[in-house]
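S.K.:
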């Protein structure tokens, strides 16, 4: 692993203009430079480079960041590999820190499996291209399917001979450890202790990671042997380097085309991907016959928000794939379907058409998924009220998973017109499904909290909930009984947190929370004040990140957004390191989501709220930290209290509570406690009480 000192040297040396200029022609535009964006089909220069801030950004597609993130995006490298790329460019010697024995063992095993797979990949190709049986059986099979030699070579296709243990013996002869030949799944040992080749007498499709490493293989039995065979394809088993649910066949070859076209075609099989490449369509991946997974969808989402699913099945097959489509919608992606004619698949359809005809058909026959699904099910309903009701519910389930409210509204309106159903009815149904989804998520979080909680009423000492409520804090306010005494307003009033507070009421909380995180990114390691040590008259400096963390802990609060929590905890972990700077650390973070947020908070001149705009007119933020950070912290607490009060008001108006006097009294008491906290915090904020 690269040590921190070396990383700092790389970050100091990397100049955004130098790095981007290797790939983009830049022209001066005032204090900045601009050029055509390398991440999308840019016709007018929209890619800006700021030498002073050492960042870049495309104002059309949004891609950009620091020199490290530009290289990660452009070259599709991991964070460590991007650092090594820049180190080589600037002639910086990489000093890797010594790994633990456990890390060395795990890394050694991973590297060993990759090495064995790379050897196997070359061996399969050699068997197909350089042996009589390989050329007569394996190579002939691919050519018979219509694949050109350049496509066969591009996808590194191979063949495993029809011998019981040919690869096993070859691997041992080449000096590879028997343990790794078994762990990769290339070979299998039965209960009798006999070892044989998994892929014997099959043509081979190597499966690559996004960076081009071979993690596994798919083997297909030949046509002459498929009769009566239920499973034509066999894949490598799960291992520490290969998980079928994470990998997409062809993504390594498709990633640049996906970015350039801002579109990904999703097909079912290996040969579908190869056939489309042969027809000049390279932005295509395959799920390899498995049900689509969250991990695969997110891998595609790294490169584009637009996906076209190509089906070669009938309507029943499409309906059976609905869960995968709903997962794509839930990821916030734009989904279209394309149904090939006459039962063709992308491979067979390619053999019947020229490249121009093929590409034209793909462009002209994409249909929006919701519209396609509505038409499909509407034909089945055919005036049957019960079937029509099921149809509406089916469509509603798909619309409800879409995270973007504007997109949902558009689909509701469209579906209403297509089904001749009042828009109000569909809107209500979608809202009901989304409420049920939130309740299910809340129940799951509660189950997780209970699982982490110590027995017999003892509060848990570790773990936090995704809802933003600390798992080790029992709710401070009674649900069914009155408090014995009223709290004194002279003391610090704990902030009441409702575990059922919904996201719809969190806008001001999240806004003020973003301001706190902005302070961490910009000034986290800097001193905000000096505090006395416990039991001593001596003082020590208190950093911005410590102040925010302790202030949250004081009232059992936790930042609500996961990225915000991650930034707070990582800053708390590293701020005492020598020469540590929060801005540089987070702007160059290996997690692109963290880095993008940090760059936005660190460099965006626009203010996030009226409060911040008032104080930011003072000489500098750093000079005003003692005033600014406590003020923002108090304002955040006030926003949390006001959010709680709104939630309580809604509960008090519900019919269930109105019928339950005991619960009604408990909620009113909680509301009064929150009201007192609001008044106290409002005075600290300058009497900004709004309720």
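Residue numbers (the numbering used here): 367 to 1057.
C-beta atoms are modelled at their ideal positions from N, C-alpha and C, and glycine is treated no differently.
Taking residue 898 as part of the beta strand (DSSP E), name the residues at either end of that continuous run.
M.R.: 893-898
S.K.: What are the boundary residues of the beta strand (DSSP E) that residue 1002 is part of?
M.R.: Not the beta strand (DSSP E): residue 1002 falls in the alpha helix (DSSP H), residues 991-1019.
S.K.: Which residue's Cα is closest to the Cα of residue 435: 525, 992, 954?
M.R.: 954
S.K.: Would you list the residues sitting across from residue 600 in a DSSP beta bridge?
M.R.: Per DSSP, the beta-bridge partners of residue 600 are 585.
S.K.: Can you tell me the Cβ-Cβ gap for residue 566 and residue 527, rounded? I've got them flagged as a contact below 8 Å.
M.R.: The Cβ separation is near 7 Å, so the contact holds.
S.K.: State the DSSP-derived secondary structure class of residue 499, mapped to helix, strand or coil.
M.R.: helix
S.K.: Since residue 710 is in the alpha helix (DSSP H), which residue starts that stretch and which ends it?
M.R.: Where residue 710 is concerned, there is no enclosing alpha helix (DSSP H), given that its DSSP letter is neither H nor E.
S.K.: What is the DSSP secondary structure of residue 857, reduced to helix, strand or coil?
M.R.: Summary for residue 857: the model assigns pLDDT 34, below 50, so the residue's position carries little reliability; its value from the coordinates is reported in the next sentence. Three-state DSSP puts residue 857 in coil, outside helix and strand.
S.K.: Compare the beta carbon distance of residue 676 and residue 479 with 8 Å and say whether it is the shorter of the two.
M.R.: no
S.K.: Along the chain, where does the beta strand (DSSP E) that runs through residue 637 open and close?
M.R.: Residue 637 -> not in any beta strand (DSSP E); alpha helix (DSSP H) instead, spanning 636-644.
S.K.: Which residue comes first and which comes last in the alpha helix (DSSP H) that contains residue 526?
M.R.: First-last for residue 526: 524-526, but that is the beta strand (DSSP E), not the alpha helix (DSSP H).
S.K.: Kindly list the residues whose CB is nearer than 7 Å to the CB of residue 641, restricted to its own chain and excluding five residues on each side of it in sequence; keep chain order.
M.R.: Cβ contact annotation for residue 641 (same chain, cutoff 7 Å, sequence separation greater than five): 712, 713, 716, in chain order.
S.K.: If we ignore side chains and look at the alpha-carbon of each, how far apart do residue 629 and residue 1044 end up?
M.R.: 50 Å
S.K.: Could you check the C-alpha separation between residue 633 and residue 474 for me, to the nearest Å?
M.R.: 35 Å
S.K.: Give the list of continuous alpha helix (DSSP H) stretches no shorter than 4 residues that lie fully inside the stretch 886-951.
M.R.: 910-920, 928-940
S.K.: Just curious, the beta strand (DSSP E) that residue 572 is in, first and last residue?
M.R.: 568-574
S.K.: Specify, as a first and last residue, the run of the alpha helix (DSSP H) that residue 689 falls within.
M.R.: 688-696 is the span of the alpha helix (DSSP H), which, as asked, contains residue 689.
S.K.: Whole angstroms are fine: how far does the CA of residue 645 sit from the CA of residue 623?
M.R.: Cα-Cα distance, rounded: 14 Å.
S.K.: Quick one, which of 427, 511, 396 has its alpha-carbon nearest residue 402's?
M.R.: 427
S.K.: From residue 764 to residue 790, what does the alpha carbon distance come to, in whole angstroms?
M.R.: 17 Å
S.K.: Would you mind sorting residue 610 into buried or exposed? The rule is 16 or more other CB atoms within 10 Å of its CB.
M.R.: Of the residues assessed, residue 610 falls on the buried side of the cut-off, its CB having 16 or more other CB atoms within 10 angstroms.
S.K.: On a Cα-Cα basis, can you pick out the residue from 673, 719, 782 that is closest to residue 792?
M.R.: 782
S.K.: If contacts are defined as beta-carbon pairs under 8 Å, then residue 621 and residue 669 qualify, I think. What distance do you get, rounded to the angstrom?
M.R.: 6 Å
S.K.: Less than 7 Å between C-beta atoms, sequence neighbours within five positions excluded: which residues of the same chain meet that for residue 386?
M.R.: 392, 415, 422, 436
S.K.: Spell out a yes or no on whether the stretch 534-552 and the stretch 513-523 are touching, meaning 3 or more CB-CB pairs, one atom from each, closer than 8 Å.
M.R.: no
S.K.: According to DSSP, is residue 413 helix, strand or coil?
M.R.: Three-state result, residue 413: strand.
S.K.: Express the C-alpha separation of residue 536 and residue 769 in angstroms, rounding to a whole number.
M.R.: 52 Å
S.K.: Are residue 811 and residue 879 touching if we call contact CB-CB under 8 Å?
M.R.: no
S.K.: Report the residue from 786, 447, 890 whose alpha carbon sits nearest the alpha carbon of residue 937.
M.R.: Comparing alpha carbon positions, the residue from 786, 447, 890 closest to residue 937 is 890.
S.K.: Could you tell me which of 935, 909, 694, 986 sits nearest to residue 734, measuring between CA atoms?
M.R.: 694
S.K.: Residue 787 by DSSP, collapsed to three states: which one?
M.R.: coil
S.K.: According to DSSP, is residue 516 helix, strand or coil?
M.R.: helix
S.K.: Which residues does DSSP list as the beta-bridge partners of residue 561?
M.R.: 555
S.K.: Whole angstroms is fine: what's the gap from residue 963's alpha carbon to residue 884's?
M.R.: 9 Å
S.K.: Tell me the residue span of the beta strand (DSSP E) that contains residue 649.
M.R.: DSSP places residue 649 outside any beta strand (DSSP E), giving it a letter other than H or E.
S.K.: Using DSSP bridges, identify the partner residues of residue 633.
M.R.: Answer is 652, bridged to residue 633.
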